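Mapped onto the working numbering, the consecutive letters of the sequence shown carry residue numbers 181 to 504. Single-structure report; data block below.
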Amino acid sequence: MKIVGVGHYAPAHVVTNHDLEAWLDTTDEWITTRTGMKRRHWTSDNEATSDLASAAAEAALVHAGLQAADVDCFIVATVTPDYYFPATACLVATRLGVREKPAFDIAIACSGFIYGLTVASGLIRSGVYRRVMLIGAESLSKILDKGDRSTAILFGDGAGAVILERSEENSFLASDLGADGSRPELLYAHGSGSREPIDHAALDAKLHLIHMQGRETFKLAVNKMVESTGSVLSKANLTKADIAFLIPHQANKRIIDATARYLGLPDDKVVINISEYGNTSAASIPMALSETVRTGRVKPGDLIVFVAFGGGLSWGAVAWRWTA
Ligand code: UT7
């Protein structure tokens, strides 16, 4: 199997660090040095995750030279769906003009694309489907406490899509996934599910918005991303020296730099676009992949390692051989 098309989309509304200075006790200098972020894109009131996902999917279809009807299954990785249900993937498939094809969501936060790539690859390799559209899409600005400087500066909105197709070439080399639900409070939006149903008190306390213990999450992110990259390489019988590109989840440039340093990877092998988009959770890796492929940097035969860490806690890596 291989990837035959990639696409990405970010909403038009850009929020710069200087814009944030207008209502938060923060500075462009603090945000830049602590996170590497300069800008992020936020949806407008009348935009939702399925809008971003559909735009990215359309771009991937054009890139692949395919019609939506050529796709057998639609998967959206997101923790900011349009609704609790139906799944956002159902809305996206219909928006693309496709009826009665399978469509479902994967909700595993920042690791969504890694889990989705593993699931989609399994569906193709087992012969269930020939072509799968996998989209990572988020509207995190809709669940941000815009008055909390420790989270409001970090997150952005966007979508990235890939189309996977059965083929003689074997792009999927190995996957390493992990999860630990013992400390959900490190990164969660807890008030609004069945444990703490939303009510006026929960709304007033902003329990439905993102809460994060940043420093602790940071340390775990570096450890797990280094560990998972090592595991996936060993499963694929490869070494760090074989990596052409590391495409990590874009949570913080310092997390990415530390991960790359532990792995001994030079800057030109590490894809970073965090300055433009901030942390877009499940969308960050497919957006970065799409930008890297579309600018012609990726060559046939290149080994790409995708790696992520996020809410759950959850983490994972996929080793992928790029084929033309
Ligand atoms: O996507 C899933 C995974 N997510 C992550 O992995 C995110 C991981 N965490 C991080 O990226 C970082 O921990 C943050 C960017 C969230 C925070 O950076 P930090 O270097 O860990 O800062 P800190 O939380 O240790 O805070 C240091 C200081 C504090 O002030 P005091 O207590 O030292 O006086 C904060 O109140 O920085 C303050 N601070 C800010 N100052 C200006 C926190 N946010 C801001 C801000 N502007 N926006």
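Think of the CB as a built atom: it goes at the ideal place given N, C-alpha and C, for glycine as much as any other residue. Since this is a predicted model, take the numbers as computed values, not measurements.
Annotation for C270 indicates a beta carbon at 6 Å or more from all heavy atoms of the ligand UT7. At a cut-off of 6 Å, the beta-carbon of T196 does not count as near the ligand UT7: no heavy atom of the ligand is closer than that. CA-CA distance, D448 to I423, rounds to 11 Å. Contact annotation: the stretch 493-501 does not touch the stretch 213-228, with fewer than three C-beta pairs closer than 8 Å. In this structure, T212 has its CB at a distance of at least 6 Å from all heavy atoms of the ligand UT7. The three-state secondary structure of H429, taken from DSSP, is coil.
Where W495 is concerned, there is no enclosing alpha helix (DSSP H), although the beta strand (DSSP E) around it starts and stops at S494 to R501. Relative to V278, the option among I286, A269 and D225 whose CA is nearest is A269. The Cβ-Cβ distance between S291 and S455 does not fall below 7 Å. Taking 6 Å as the cut-off, the C-beta of F486 does not count as close to any heavy atom of the ligand UT7. For I378, the shortest separation between its Cβ and any heavy atom of the ligand UT7 does not lie below 6 Å.
Annotation: E209 to I333 spans about 12 Å, alpha carbon to alpha carbon. When DSSP states are grouped into helix, strand and coil, I436 belongs to the helix group. A distance criterion of 6 Å places the beta-carbon of N403 beyond contact range of the ligand UT7, judged by its closest non-hydrogen atom.
Taking non-hydrogen atoms of the ligand UT7 into account, the C-beta of R220 is found less than 6 Å away from none of them.
The distance from the Cβ of A283 to that of A267 is about 6 Å, consistent with a contact at the 8 Å cut-off. Distances from the CB of S330 to the heavy atoms of the ligand UT7 include at least one below 6 Å. Note on V242: under 16 other CB atoms within 10 angstroms of its CB, so exposed under the neighbour-count rule.
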